[in-house]
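Participant: Position 110, counted from 1, in the sequence shown is what the working numbering calls 200; the numbers after and before it change by one each time, with no gaps.
Let me begin by handing over the structure; questions about it come next.
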Amino acid sequence: MRVLVAYYTQTGNTRKIAQAIHSELESLGHEVTLREIRGVKSQDVSGFDVIFLGSPCHSADLAKPVRNLLEAMESSPGGKLAGFVTHSTYTAEGGERHRELHERWAGKCAGSFEQACAAKGLEWSGCFSCQGKPSKPIELFIRVAVIKDAHEWPGYIAETRKHPNADDEAKARAFAREVVALGDTYPISPR
Ligand SMILES: Cc1cc2nc3c(=O)[nH]c(=O)nc-3n(C[C@H](O)[C@H](O)[C@H](O)COP(=O)(O)O)c2cc1C
Numbered sequence: 091m092r093v094l095v096a097y098y099t100q101t102g103n104t105r106k107i108a109q110a111i112h113s114e115l116e117s118l119g120h121e122v123t124l125r126e127i128r129g130v131k132s133q134d135v136s137g138f139d140v141i142f143l144g145s146p147c148h149s150a151d152l153a154k155p156v157r158n159l160l161e162a163m164e165s166s167p168g169g170k171l172a173g174f175v176t177h178s179t180y181t182a183e184g185g186e187r188h189r190e191l192h193e194r195w196a197g198k199c200a201g202s203f204e205q206a207c208a209a210k211g212l213e214w215s216g217c218f219s220c221q222g223k224p225s226k227p228i229e230l231f232i233r234v235a236v237i238k239d240a241h242e243w244p245g246y247i248a249e250t251r252k253h254p255n256a257d258d259e260a261k262a263r264a265f266a267r268e269v270v271a272l273g274d275t276y277p278i279s280p281r
């Protein structure tokens, strides 16, 4: 399969996941192009069987350069699109409070990818997401606006600073395998 792994990053977290997806799919024998989104034009994303598009979560949604690329993409360029996201608030696992904060601060990202797929006639293949270490200014913002409880903060930030970790990368690799394996089950020339 011809696969594009394109991503936006400011501090390297999303790049780590992009590299894990890229190396996993290369090891399976796919023809994989890895590109940072800066300089990627809408016409560069056509002609692939699968596009993996990665974004940090910014202000509870996909980062602007990723939204811009999705908007600029031609309708029905063919193929499938899978998303991957890194974010600094909690994952949806870990109880009601974590789920609520995740929904509020990072839950919109997958839906934005899915909506773009519907608008552009792309097949939606799902989204992988994991935590990513925040930059210092974002740490301060989260401390003031999201995790306000002084008792909760040390545990939260110590854990978040470790991501993406080897387990996140392994999960991203598994996600990538699933996405391309699903594609393999479709006939190349349906009759
Ligand atoms: C401007 C800005 C806004 C952010 N907003 C959110 C947010 O709403 N929710 C969240 O979970 N993380 C937020 N973050 C944290 C990033 O999503 C997280 O650190 C991500 O892993 C950064 O990825 P990168 O290293 O690839 O740039 C924000 C970061 C920045 C710089």
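Yeah, the Cβ is synthetic: ideal placement off N, Cα and C, and Gly gets one too.
From the DSSP output, in three-state form, read off F138 for me.
Facilitator: Counted from its first residue, the sequence shown places residue 138 at position 48. In this structure, F138 counts as coil in the three-state DSSP scheme.
Participant: Given 8 Å as the limit, is there contact between the segment 210-230 and the segment 170-190, that is, 3 or more CB pairs closer than that?
Facilitator: Yes, the segment 210-230 is in contact with the segment 170-190.
Participant: If you measure from the CB of C220, is any heavy atom of ligand 1 nearer than 6 Å?
Facilitator: For this step, residue 220 is matched to residue 130 along the sequence shown. No, the beta carbon of C220 sits no closer than 6 Å to any heavy atom of ligand 1.
Participant: Spell out a yes or no on whether the segment 241-252 and the segment 194-208 are touching, meaning 3 or more CB-CB pairs, one atom from each, closer than 8 Å.
Facilitator: Output reads no: the segment 194-208 does not touch the segment 241-252.
Participant: Relative to ligand 1, is the shortest distance from any of its heavy atoms to the C-beta of S178 smaller than 6 Å?
Facilitator: Taking the first residue of the sequence shown as 1, we reach residue 178 at position 88. At least one heavy atom of ligand 1 is nearer than 6 Å to the Cβ of S178, so yes.
Participant: Going straight from the alpha carbon of G127 to that of A248, what length do you get?
Facilitator: For the purposes of this step, residue 127 is taken as the residue at position 37 of the sequence shown. For the purposes of this step, residue 248 is taken as the residue at position 158 of the sequence shown. The residue you asked about is not Gly; residue 127 is Ile in the sequence shown. Taking the straight line from one Cα to the other gives about 30 Å.
Participant: Considering only the beta carbon of each residue, do S215 and K170 sit closer than 7 Å?
Facilitator: Position 125 of the sequence shown holds residue 215. Position 80 of the sequence shown holds residue 170. Going by C-beta atoms, S215 is nearer than 7 Å to K170.
Participant: Mark A110 as exposed unless 16 or more other C-beta atoms lie within 10 angstroms of its C-beta, in which case mark it buried.
Facilitator: Taking the first residue of the sequence shown as position 1, residue 110 is located at position 20. The residue is buried, with at least 16 neighbouring Cβ atoms inside 10 Å.
Participant: Do you know whose CA, among S136, E121, G173, S145, lies nearest C217's CA?
Facilitator: Translated into the one-based positions of the sequence shown, residue 217 becomes position 127. The candidate whose alpha carbon is nearest that of C217 is G173.
Participant: I278 by DSSP, collapsed to three states: which one?
Facilitator: Here residue 278 corresponds to residue number 188 of the sequence shown, with the count starting at 1. Here I278 scores only 43 on pLDDT, less than 50, and its place in the model should not be relied on; the value that follows carries that caveat. Coil at I278, not helix or strand.
Participant: Spell out whether any CB of chain D is found under 7 Å from the CB atom of E229.
Facilitator: The chain labelled as chain D is not found in the depicted structure, where only one protein chain is given.
Participant: Apart from the five residues just before and just after L124, which ones in its own chain have a Cβ nearer than 6 Å to its Cβ?
Facilitator: The count along the sequence shown starts at 1 and reaches residue 124 at position 34. Here the set comprises V95, H112.
Participant: On the DSSP bridge assignment, give the partners of P146 in chain order.
Facilitator: Within the sequence shown, residue 146 is the residue found at index 56, counting from 1. P146 is bridged to T176.
Participant: Run the CB neighbour count on K238, radius 10 Å, all protein chains shown included, and call it buried at 16 or more, exposed below.
Facilitator: Position 148 of the sequence shown, counted from the first residue, corresponds to residue 238. It is exposed - the Cβ of K238 has fewer than 16 other Cβ atoms within 10 Å.
Participant: Cutting at 7 Å between CB atoms, please list the residues of its own chain near K223, excluding the five before and the five after it.
Facilitator: Numbered from 1 along the sequence shown, position 133 holds the residue referred to as residue 223. Within the same chain, K223 has close Cβ partners N103, T250, R251, H253.
Participant: So, using beta-carbon positions, are Y98 and V140 closer together than 7 Å?
Facilitator: Numbered from 1 along the sequence shown, position 8 holds the residue referred to as residue 98. Numbered from 1 along the sequence shown, position 50 holds the residue referred to as residue 140. Result no, Cβ atoms of Y98 and V140 do not sit closer than 7 Å.
Participant: So, helix, strand or coil for R105, using DSSP?
Facilitator: Residue mapping note: residue 105 aligns to position 15 of the sequence shown, counting from 1. The answer is helix: DSSP assigns R105 an H, G or I state.
Participant: Using 8 Å for Cβ pairs, my map puts F138 next to A266. What's the rounded Cβ distance?
Facilitator: One-based indexing of the sequence shown puts residue 138 at position 48. One-based indexing of the sequence shown puts residue 266 at position 176. Not a contact, Cβ separation roughly 14 Å.
Participant: Quick check: what's the CA-CA separation for A162 versus A256?
Facilitator: Counting from one through the sequence shown, the residue named residue 162 turns up at place 72. Counting from one through the sequence shown, the residue named residue 256 turns up at place 166. Cα-Cα distance, rounded: 34 Å.
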